[in-house]
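*Asks:*
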Amino acid sequence: MFDLTLAGARAALRRREFSARELTTVYLGAVEALNPQLNAFITVTPELALQHADAADAALARGEAGNLTGIPLAIKDLFCTAGVRTTAGSRILSPFVPPYESTVTAHLLRDGAVFLGKTNLDEFAMGSSNMTSAFGPVTNPWARRGSNVPLVPGGSSGGSAAAVAARLALGATATDTGGSIRQPASFCGIAGIKPTYGRCSRWGIVAFASSLDQAGPVARTVEDCAIMLGSMAGHDPKDSTSADRPVPDFAAACKRGVKGLRIGVPREYRSDDMPPEIEALWQQGLAWLREAGAQTVDVSLPHTKYGLATYYIVAPAEASSNLARYDGVRFGARTEGADLTEMYENTRAAGFGAEVRRRVLIGTYVLSAGYYDAYYLRAQKIRALILRDFTEVFATVDALVTPTAPSAAFAQGERMDDPVKMYLNDVFTVPANMSGIPGLSVPAGLDPDGLPLGLQVLGKPFDEETVFAVGAALERAAGVTAIPAIRAGGPGR
Amino acid sequence: MSLDPATVRRIAKLARIRVEEDQLSQLQAELNGILGWIEQLNEVDVEGVEPLTGGAQMALRLREDVVNDGGIVEQVLANAPDRAGDFYAVPKVVE
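Protein sequence lines correspond, in order, to chains A and B. So for the first sequence, my numbering puts the first residue at 1; every next one is plus one. So for the second sequence, my numbering puts the first residue at 1001; every next one is plus one.
1) At a cut of 8 Å, does the segment 324 to 336 of chain A reach the segment 287 to 299 of chain A through at least three beta carbon pairs?
2) Using a Cβ-Cβ cut-off of 7 Å (strictly less than) and excluding sequence neighbours within five positions of Leu451/A, which residues of its own chain qualify?
3) From the beta carbon of Asp327/A, is the nearest beta carbon of chain B less than 9 Å away?
4) Short check: CB of Ala494/A to CB of Glu475/A, under 9 Å?
5) Residue ranges of each alpha helix (DSSP H) run of no fewer than 4 residues wholly in the segment 145 to 216 of chain A, ordered along the chain?
6) Any idea what DSSP makes of Asp298/A, helix, strand or coil?
7) Name the chain A residues whose beta carbon is nearer than 9 Å to that of Asp1054/B?
8) If you draw a straight line from the alpha carbon of Ala338/A to that of Phe468/A, how long is it in whole angstroms?
9) Could you list which residues in chain B have their beta carbon closer than 7 Å to that of Leu387/A, in chain order?
10) Does the CB of Gly492/A have a neighbour CB from chain B at under 9 Å?
11) Can Ile1011/B and Pro99/A be called in contact, C-beta distance under 9 Å?
12) Any chance the segment 1022 to 1042 of chain B sits against the segment 213 to 225 of chain A, with 3 or more Cβ pairs inside 8 Å?
13) Is Gly363/A helix, strand or coil when you go by DSSP?
14) Name the two residues that bound the continuous beta strand (DSSP E) containing Val44/A.
15) Indicate whether at least one CB of chain B lies closer than 9 Å to the CB of Ser516/A.
16) If distances are taken between C-alpha atoms only, which option among Ser147/A, Arg202/A, Ser186/A and Ala253/A comes closest to Val164/A?
17) Is DSSP giving Ser1002/B helix, strand or coil here?
18) With a cut-off of 9 Å, does the C-beta of Pro99/A fall near any C-beta of chain B?
19) For Ala349/A, which residues of its own chain have a beta-carbon under 7 Å away from its beta-carbon, when the five flanking residues on both sides are left out?
20) Give me the Cα-Cα distance between Gln1028/B and Ala369/A, rounded to the nearest whole angstrom.
21) Thinking just about the alpha-carbon of each residue, which of Ala309/A, Gly136/A, Ser19/A and Val44/A is nearest to the one in Ala504/A?
22) Would the C-beta of Glu1020/B count as close to the ligand GTP, meaning under 8 Å from any of its heavy atoms?
23) Measure how close the beta-carbons of Val356/A and Phe124/A come, nearest whole angstrom, since I'm counting them as under 8 Å.
24) At 3 residues or longer, what runs of the beta strand (DSSP E) sit wholly inside the segment 4 to 55 of chain A?
25) Excluding five sequence neighbours on each side, which residues of the same chain lie with their C-beta closer than 6 Å to the C-beta of Arg91/A?
26) Over what stretch of residues does the alpha helix (DSSP H) that includes Thr402/A continue unbroken?
27) Need the endpoints of the beta strand (DSSP E) that Val265/A sits in, please.
28) In chain A, what lies closer than 9 Å to Glu1021/B by C-beta?
29) Under 9 Å between the Cβ atoms of Ala59/A and Thr69/A?
30) Glu1095/B versus chain A: which residues are under 9 Å apart at the beta carbon?
31) Per the contact definition of three or more C-beta pairs closer than 8 Å, is the segment 412 to 423 of chain A in contact with the segment 1074 to 1085 of chain B?
32) At a CB-CB cut-off below 7 Å, which residues of chain B make contact with Pro248/A?
33) Around the Cβ of Phe79/A, are there at least 16 other Cβ atoms within 10 angstroms (buried) or fewer (exposed)?
34) Strictly below 7 Å CB to CB, what residues from chain B border Ile382/A?
35) Within the 9 Å Cβ cut-off, does Val1073/B reach chain A?
36) Just tell me which of Arg110/A, Lys118/A, Lys421/A and Ile437/A has its CA closest to the CA of Leu458/A.
Below you can see the structure in the form of structure tokens.
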């Protein structure tokens, strides 16, 4: 059952080859066996999962199967789930049990999904390695050939990506503020899409940077992501930035092919220090698309190089504002003090980890009197230039293809000495958040150590269908068959 | 622009995060490292460019100004670290 895709499991459930309860029980067993090694889940909810599974079996028996009826999923612990602890990977939210359900998870439940539990993440989704979680690092199920050095799964959706790669769930929810879906998908050899800003409701997702945050799925195939996104997306009056548009049939778009499409290759994504295997994979990906009937053209996105630095003004500024709510009064952990101000200061000192503290302080500084224009306003103007680059390029091409990340997965503890070095992981993914456009990472090959590498497909706003078509074509051509060392149903444990 | 220890202390105060004196110099170095890297943005010509404030290329919708939720005091207070009756409780503010 562990080698089934989400689409395959869905078909088998509908044919009644096994029940949702049987499928869920098998996945819960795998989580119990492998989670001590991977730390991909912060909270496992076996009783709730079996309740969902029994409801799914009843629906299947009535012939009322929804889009995801009986499919075991993992939920990033940034989505509020009614009655189930939601930590955001932070000490400050460790006692928090939401009384309500996020819109995205409510959509998944509406369509019959089974929730196995809540997955680990960088604290408040701030990180590229899952090393900043208050609940400990996640281990990537992949290892370098002939080595057992534990690698990071990427971040911030590291627990979701590791769980899916290790076959502990058929898919998982994730969020992406600067690359937090696509970079871990690339590091763990799975697919993941950040849809257009506004495609999924942000209501009930613990906020990091509200103008950049967007939910999306990770799964083992592009089609599985398309199926999940079909349920997650949709208009929500409770999020004023939620797009009031119909949700297309994303899964159908995976079968479109790329004949006649114009694929842009942004020259600014090429650099002298790019590892040769990533450059080679990129060229290979473009060759595959040409063989499938697409045309590739060189394009220019001149402000690409400023994307990351712009992000590190905009995102911390919004975070410092969003995280002001953690004051030890209404929810979360409190650390007492002699007076109210001291209580605030003690609560936030004890509740936030080092990376969150750094970003809140940077954000506070760039928004403070006298510095707002020099930093924040300037960053918003450069953000407009980044969007303009994409708008101009998309007048002549249908999609862009780039590498997802500048490297394969690295070892736990690496790149921890200098925050900026860690930030550079997101150099290729951040521009899509700055401009709001959709971006998909698809597993396309392996590096010389046998670690997965992803290619990124970027598309026009609300044209996820073309992104899925190109991603599925790359996936078919790449035909990656390698599987991670640590996985359910694999040798050992 | 480089932050001195007094500025780091002031920012921490504004952000309501207690920073111990012995953490100050490391924090100062980290923040200056990030701000130094951000300086590259000064080379971009932004003359006449309108700032982009949001992620969505659309006007925000307004909803009807009506009460559509409420009457759930227990749910609202369920996660409060401290409460007194139907209120959140905080350390004494007024003597």
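Cβ atoms here follow ideal geometry from the backbone N, Cα and C, with glycine treated the same way.
*Replies:* Taking the coordinates as given:
1) By the C-beta criterion, the segment 324 to 336 of chain A is judged not to be in contact with the segment 287 to 299 of chain A, since fewer than 3 inter-stretch pairs fall below 8 Å.
2) Cβ neighbours of Leu451/A beyond the five flanking positions: Trp142, Arg144, Ala408 and Ala409.
3) The Cβ of Asp327/A sits closer than 9 Å to at least one Cβ of chain B.
4) The displayed coordinates of chain A run from 1 to 493. Any statement about residue 494/A would go beyond what the structure contains.
5) You should have 158 to 165 and 182 to 188.
6) Note: Asp298/A maps to strand in three-state DSSP.
7) Correcting the residue type first, residue 1054/B is Gly in the shown sequence and not Asp. Chain-ordered, the chain A residues with CB closer than 9 Å to the CB of Gly1054/B read Tyr197, Ser210, Ser211, Thr241 and Gly436.
8) About 56 Å.
9) Ordered by position in chain B, the residues that pass the 7 Å Cβ test against Leu387/A are Leu1052.
10) Because Gly492/A carries a pLDDT of 48, less than 50, the predicted location of this residue cannot be relied on, and the following value inherits that uncertainty. It does not: the Cβ of Gly492/A has no partner Cβ on chain B nearer than 9 Å.
11) No; because the gap between Cβ atoms is not below 9 Å, this pair is not in contact.
12) No contact exists between the segment 1022 to 1042 of chain B and the segment 213 to 225 of chain A.
13) Of the three classes helix, strand and coil, the one that applies to Gly363/A here is helix, per DSSP.
14) Unbroken beta strand (DSSP E) run through Val44/A: Phe41 to Val44.
15) What the structure shows of chain A is the stretch from 1 to 493, and residue 516/A is not part of that stretch, so it cannot be assessed.
16) For the residues Ser147/A, Arg202/A, Ser186/A and Ala253/A, the minimum Cα distance to Val164/A belongs to Ser186/A.
17) If DSSP states are grouped into helix, strand and coil, Ser1002/B belongs with coil.
18) Taking Cβ atoms only, chain B reaches closer than 9 Å to Pro99/A, which makes this a yes.
19) Same-chain partners within the cutoff: there are none.
20) C-alpha separation (whole angstroms): 19 Å.
21) This structure gives no information on residue 504/A, because the portion of chain A shown stretches from 1 to 493.
22) Within the structure as shown, the ligand GTP is missing, as the structure has no ligands at all.
23) That belief holds up - the Cβ atoms of Val356/A and Phe124/A are roughly 6 Å apart, short of 8 Å.
24) Listed in chain order, they are 41 to 44.
25) Annotation for Arg91/A: Ala134 and Gly351 place their beta carbon closer than 6 Å to its own, counting only its chain and skipping 5 residues before and after.
26) Taken as a continuous stretch (DSSP letters only), Thr402/A belongs to no alpha helix (DSSP H), being part of the beta strand (DSSP E) at Ala399 to Pro403.
27) Run containing Val265/A: Arg262 to Pro266, per the beta strand (DSSP E) assignment.
28) In chain order: nothing, as chain A lies at least about 13 Å away.
29) Yes; because the gap between Cβ atoms is below 9 Å, this pair is in contact.
30) Near Glu1095/B there are no residues of chain A at all, since even the closest Cβ is about 10 Å away, more than 9 Å.
31) Segments in contact, no.
32) Close to Pro248/A, with beta-carbon spacing below 7 Å, lies no residue of chain B; the smallest spacing is near 18 Å.
33) With a threshold of 16 other beta carbon atoms within 10 Å, Phe79/A meets it and is buried.
34) Among the residues of chain B, those whose CB is under 7 Å from the CB of Ile382/A are Leu1041, Val1044 and Val1046, following chain order.
35) Chain A contact via Cβ: absent.
36) Considering only alpha carbons, the answer is Ile437/A.
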